[in-house]
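Trainee: Shown below is the structure under consideration.
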Amino acid sequence: MSFEHPTQIRVTILNHHRSIHPSSCLDVSRKENLDKISRQNSLPEKPSFPIHFVTRKTNERCRSQCTIHTNLARSSRLFGVKQNDTTSITNSKKPSEFQNRNASTVTRVSFQQSSKKKKKKRSHSMPSPTKQITNESSISTLPNFNNNNNKLSPLPNNQTMPINEVQNNNKIIPKETSTELNFSQNMNRINENKTNKEVLQRPRHFNCIFCRCSLIHIVIAIIATVIVLSAFAAVIVALYGIGRTTATNANTTSSTSTSTTVTTSTTSTTSTTTSTTTTPLVCGSSCLNQSWIYSAGVVASWAFENSFEDSTNVYNATPASQTPSFVLGYVGQAASFNATAKQALHTAYIPFKNVSFTVDVWMKQNGFPNPSDYSIVGLCSSGITDSCLHMNIRSTKFYMGFYSDDIQSVTSMPLNYWMHVAFVFDVSNLQQSIYVNGVLDRQRTASSALKNAISNFTIGTNAYVKTPNNYFQGYIDQLSINRRVKSSCELLDIATLAGYFKFDVNSCLIDSGPNGVITKASNYLIISGHKNQAISFSGASMSYFQASGLTGLGMSNRSFSITFRIQPQILSGTLVHLSTSSLGTGSQCFSLLGFTSNGTIVAQILTNNNTIIAVTGPILPLSSAWTEIVQTWSSTNGLKLYVNNTLVRSVAASTFRGSETTPNYLTLGNCLNGCDACVNGSIDAPGPFTGAIDDWRIYNRELNSSDVCTLYSS
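In terms of the UniProt record's numbering, the sequence shown opens at residue 1 and continues consecutively.
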């Protein structure tokens, strides 16, 4: 037996005659009889001060409590009530206010002192439920209150106190004085040294009602437990997955890398892929993210493909007394001029008066028979200032003049070397510019725009300056005149973009660059690519794509870059093969890009001492993802390999061996007959490639990191 509070105690004898809420175990008829008895023997409205005896109960005892005989037995055991004794204990008027809310049973015994005056104000605490007993009963071992120490103590052993006699301050009050005892005065003395902070909270539910509610509580508890366990399991699985992913990434890095550089590349590639899903990739300045229309503003253009005709068919050229011949040019064929034979071309007057213009041309000088000047083009009839247009090589320098209002380059023209030169005039600011191989070489402001110079337009000579010893010596190719200012990026693109193949449906085999090189292909498909469409190779022995006339790659020690997107199905075979024959063989042939026997990608070059220098990259993924591959070479920076905007490896290589005298073929996705006859170097599994390639570009310059970044982000 335990007590809820040592100073606030209420004893109530639970009996089978008590009033029960209609939802409890007793029937309605018994309730009505009990209500009558309760009204006849009702106590004053103010309840007595409570004495609580708390006993623990289990659910089984809770169920049995709902029966009449069990309640009577419990009351008898607790207070020693005899069936023959008579006591009057009133019921509460609102038994429904009390509901058992836990498994413990609170047994209450109420003693109230009779009073003639009823107080109108009720206590703020809820009234205690009471019982009315019609038979006589007595209570044994009733608790004894000791006011000195404020403790509750039972009566001495074997002592009993009748129900009509109660101890009060160690005195016996006879039943003639009162049949009920009010403990309020006694308890006020007990509470003199106590604070009022502790408040007894009454239970609100009957035990039998809790029996029905406990099932709901159990179900709720089970559901809550399941939810908590599920959340805990989810956290464990997530943590386990993160740990496993980290371990897998670490293992992948180790297995796909044979050196520290490659390992760094693999990690950087993963980081770059993650970063591109949230923040845009920021690259440096580059011309590769710009576009233009090469033919915009064109006035005349001569490709010299076995003809002197103009592409517009307006300014078709006519040979002078001696006709130039045709030779292998920078792109296809070129016109060959002999200064000694005074070979030249002329056409009708082209208006340059007070307009902006760009004249650009590929040329290769093969001798210096003249004292100083070698005329490229001219529009000149007299020596009047700003009335004689002449563009030529003077003392090995590129020279553009309006006559006494001229500009000369810093760069010299070498012998037997293809060079691109552009002469640009901007009438808006009178600015004269000379570009050599796409790079601005010299710039100045003229005194005036070109004035009226009515005469024939000449190629390979001019009619006034340094005549008759001004004829050109060498080859001229891809001569173009545009009535507009070409930008520096456009001129760089014209000078360095040797070939550009998008593999789109409408132009699957067409060169989208400025040169329009000749192509052919066999056993291929056009499929969905990284950007629009791509070319797919089956891996058959004759599955390939080939571009011809790439003169720049036949020039020794000329910088170059090769870029494309790749989606391999098998990590083997040759990706790019260079040869002087369309069969993949010839006087010089070797593979530039391919796979090693263990599946890593490799880039390589052939040096002047006939040695292969190679760099090895990572193993590419066999998935639907597209991988950006960039190979660059220059005598200054050597050989480099980029994978997805990351430099994975570089090696010093100061020379590159070109074929020099013959055109070059680049074969994509195969090495054809050259697989057995040519140098393969580190590509120890040469042959046809199985997979797709998109956006293939060949540059006659070394792309820098900003260019590579721009390609990757496009």
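Think of the CB as a built atom: it goes at the ideal place given N, C-alpha and C, for glycine as much as any other residue. Given the structure is predicted, the values throughout are model-derived calculations rather than measurements.
Look at the alpha carbon of residue 426 and the alpha carbon of residue 315, and state the distance between them as a whole number of angstroms.
Mentor: Sequence index remark: in the sequence shown, residue 426 carries index 426 (1-based). Sequence index remark: in the sequence shown, residue 315 carries index 315 (1-based). Going from the Cα of residue 426 to the Cα of residue 315 covers about 23 Å.
Trainee: Between 429, 611 and 397, which lies nearest to residue 435 when the distance is taken from Cα to Cα?
Mentor: Translated into the one-based positions of the sequence shown, residue 435 becomes position 435. Closest option to residue 435, Cα to Cα, is 397.
Trainee: In or out: residue 537 buried (at least 16 other Cβ within 10 Å) or exposed?
Mentor: Stepping through the sequence shown from its first residue, residue 537 is reached at position 537. Answer is buried; the Cβ neighbour count reaches 16.
Trainee: Run through DSSP, which three-state label would residue 493 get?
Mentor: In the sequence shown, counting from the first residue as 1, residue 493 sits at position 493. The answer is helix: DSSP assigns residue 493 an H, G or I state.
Trainee: Since residue 766 sits in a beta bridge, which residues does DSSP pair it with?
Mentor: Because the chain in this structure spans residues 1 to 714, residue 766 falls outside the shown range and cannot be described.
Trainee: If I measure Cβ to Cβ from residue 706 and keep anything under 8 Å in the same chain, skipping five residues before and after, which residues do I get?
Mentor: As a first step, residue 706 is located in the sequence shown; it is residue number 706 there, counting from the start. Excluding positions up to five away in sequence, the list reads 283, 284, 285 and 286.
Trainee: Any chance the stretch 525-544 sits against the stretch 608-617, with 3 or more Cβ pairs inside 8 Å?
Mentor: In short, these stretches do not touch, since the Cβ pair count stays below three.
Trainee: Rounded to whole angstroms, what is the Cα-Cα separation between residue 361 and residue 327?
Mentor: Working through the sequence shown from its first residue, we reach residue 361 at position 361. Working through the sequence shown from its first residue, we reach residue 327 at position 327. So the two alpha carbons sit approximately 16 Å from each other.
Trainee: Taking residue 393 and residue 535 to be in contact with their CB atoms under 8 Å, please state how far apart those CB atoms are, rounded to whole angstroms.
Mentor: The residue you call residue 393 lines up with position 393 of the sequence shown. The residue you call residue 535 lines up with position 535 of the sequence shown. Wrong, their Cβ atoms sit about 42 Å apart, outside the cutoff.
Trainee: Just verifying my parser: in three-state terms, what is the DSSP assignment at residue 420?
Mentor: As a first step, residue 420 is located in the sequence shown; it is residue number 420 there, counting from the start. Residue 420 falls in the strand class under three-state DSSP.
Trainee: How many angstroms separate the CA atom of residue 512 from the CA atom of residue 236?
Mentor: For the purposes of this step, residue 512 is taken as the residue at position 512 of the sequence shown. For the purposes of this step, residue 236 is taken as the residue at position 236 of the sequence shown. Whole-angstrom Cα-Cα distance: 55 Å.
Trainee: What is the DSSP secondary structure of residue 330, counted as helix, strand or coil?
Mentor: Stepping through the sequence shown from its first residue, residue 330 is reached at position 330. Residue 330 falls in the coil class under three-state DSSP.
Trainee: Indicate the three-state DSSP secondary structure (helix, strand or coil) for residue 303 in the structure shown.
Mentor: Here residue 303 corresponds to residue number 303 of the sequence shown, with the count starting at 1. Coil, per DSSP.
Trainee: If you drop the 5 nearest sequence neighbours on each side, which residues of the same chain put their C-beta closer than 8 Å to that of residue 624?
Mentor: If you number the sequence shown from 1, residue 624 lands on position 624. Closer than 8 Å at Cβ, skipping near neighbours: 567.
Trainee: Express the C-alpha separation of residue 375 and residue 710 in angstroms, rounding to a whole number.
Mentor: For the purposes of this step, residue 710 is taken as residue 710 along the sequence shown, with counting starting at 1. For the purposes of this step, residue 375 is taken as residue 375 along the sequence shown, with counting starting at 1. Residue 710 and residue 375: Cα-Cα distance of roughly 39 Å.
Trainee: Classify residue 709 as helix, strand or coil using the three-state DSSP reduction.
Mentor: To locate residue 709, count along the sequence shown from 1; it is residue 709. Reduced to three states, the DSSP call for residue 709 is helix.
Trainee: With DSSP run on the structure shown, which of helix, strand or coil describes residue 499?
Mentor: For the purposes of this step, residue 499 is taken as the residue at position 499 of the sequence shown. Here residue 499 sits in strand by DSSP.
Trainee: Among the residues of its own chain, which have a CB less than 7 Å from the CB of residue 645, if the five just before and after it don't count?
Mentor: Along the sequence shown, one-based indexing puts residue 645 at 645. Cβ within range, chain order: 272, 628, 708, 709 and 712.
Trainee: In this structure, does DSSP put residue 577 in helix, strand or coil?
Mentor: The count along the sequence shown starts at 1 and reaches residue 577 at position 577. It is a strand residue.
Trainee: Helix, strand or coil for residue 550, going by three-state DSSP, please let me know.
Mentor: As a first step, residue 550 must be located in the sequence shown, where it is residue number 550. Of the three classes helix, strand and coil, the one that applies to residue 550 here is coil, per DSSP.
Trainee: Under 8 Å, with one C-beta from each stretch per pair, do the stretch 402-417 and the stretch 321-335 reach the 3-pair mark?
Mentor: In short, these stretches do not touch, since the Cβ pair count stays below three.
Trainee: Tell me whether the stretch 482-490 and the stretch 292-311 touch, counting them as touching only if at least three CB pairs, one residue from each stretch, are closer than 8 Å.
Mentor: Touching, yes, given that three or more Cβ pairs across the two stretches are closer than 8 Å.
Trainee: Between the stretch 501-511 and the stretch 652-661, do three or more beta carbon pairs fall short of 8 Å?
Mentor: Short answer: they don't touch.
Trainee: According to DSSP, is residue 614 helix, strand or coil?
Mentor: Position 614 of the sequence shown holds residue 614. Of the three classes helix, strand and coil, the one that applies to residue 614 here is strand, per DSSP.
Trainee: Is it the case that the stretch 298-309 contacts the stretch 412-420, given that we only count it when at least three CB pairs across the two stretches are under 8 Å?
Mentor: Too few Cβ pairs lie closer than 8 Å, so no.
Trainee: How many Å lie between residue 586 and residue 344 at the Cα?
Mentor: If you number the sequence shown from 1, residue 586 lands on position 586. If you number the sequence shown from 1, residue 344 lands on position 344. Cα to Cα, residue 586 sits roughly 35 Å from residue 344.
Trainee: Put residue 40 into one of helix, strand or coil per three-state DSSP.
Mentor: The residue you call residue 40 lines up with position 40 of the sequence shown. Any reading at residue 40 must be qualified, since the residue scores a pLDDT of 49, below 50, and its modelled position is unreliable; the value itself is stated next. Residue state, collapsed to three classes: helix.
Trainee: In terms of residue numbering, what span does the beta strand (DSSP E) encompassing residue 694 cover?
Mentor: Counting from one through the sequence shown, the residue named residue 694 turns up at place 694. It spans 690-699 - the beta strand (DSSP E) in which residue 694 sits, taken as one unbroken run.
Trainee: Once you ignore the five residues that flank residue 482 on each side, which residues in its own chain have a CB closer than 6 Å to its CB?
Mentor: For this step, residue 482 is matched to residue 482 along the sequence shown. Here the set comprises 297, 298 and 358.
Trainee: Use the C-beta contact count for residue 335: other C-beta atoms within 10 angstroms, 16 or more gives buried, fewer gives exposed.
Mentor: Here the question's residue 335 lines up with position 335 in the sequence shown. Flag for residue 335 reads buried.
Trainee: Exposed or buried, what is residue 514 when buried is set at 16 or more other beta-carbons lying within 10 Å of its beta-carbon?
Mentor: What you label residue 514 is simply residue 514 of the sequence shown in a count that begins at 1. The residue in question, residue 514, is buried, as its Cβ has 16 or more Cβ neighbours within 10 Å.
Trainee: What residue range is occupied by the uninterrupted beta strand (DSSP E) comprising residue 406?
Mentor: Here residue 406 corresponds to residue number 406 of the sequence shown, with the count starting at 1. Its beta strand (DSSP E) spans residues 406-412.
Trainee: Is residue 630 closer than 8 Å to residue 563 when the C-beta atoms are compared?
Mentor: By 1-based counting over the sequence shown, the position of residue 563 is 563. By 1-based counting over the sequence shown, the position of residue 630 is 630. Yes.
Trainee: Residue ranges of each beta strand (DSSP E) run of no fewer than 3 residues wholly in the stretch 441-491, ordered along the chain?
Mentor: Fully enclosed beta strand (DSSP E) runs of 3 or longer: 457-459 and 474-482.
Trainee: Might you give, ordered along the chain, the residues of its own chain that have their beta carbon closer than 7 Å to the beta carbon of residue 548, omitting 5 neighbours on each side?
Mentor: Numbered from 1 along the sequence shown, position 548 holds the residue referred to as residue 548. Within the same chain, residue 548 has close Cβ partners 517, 518, 582, 663 and 665.
Trainee: Helix, strand or coil, according to DSSP, for residue 380 in the structure here?
Mentor: Here residue 380 refers to the residue found at position 380 of the sequence shown. If DSSP states are grouped into helix, strand and coil, residue 380 belongs with the strands.
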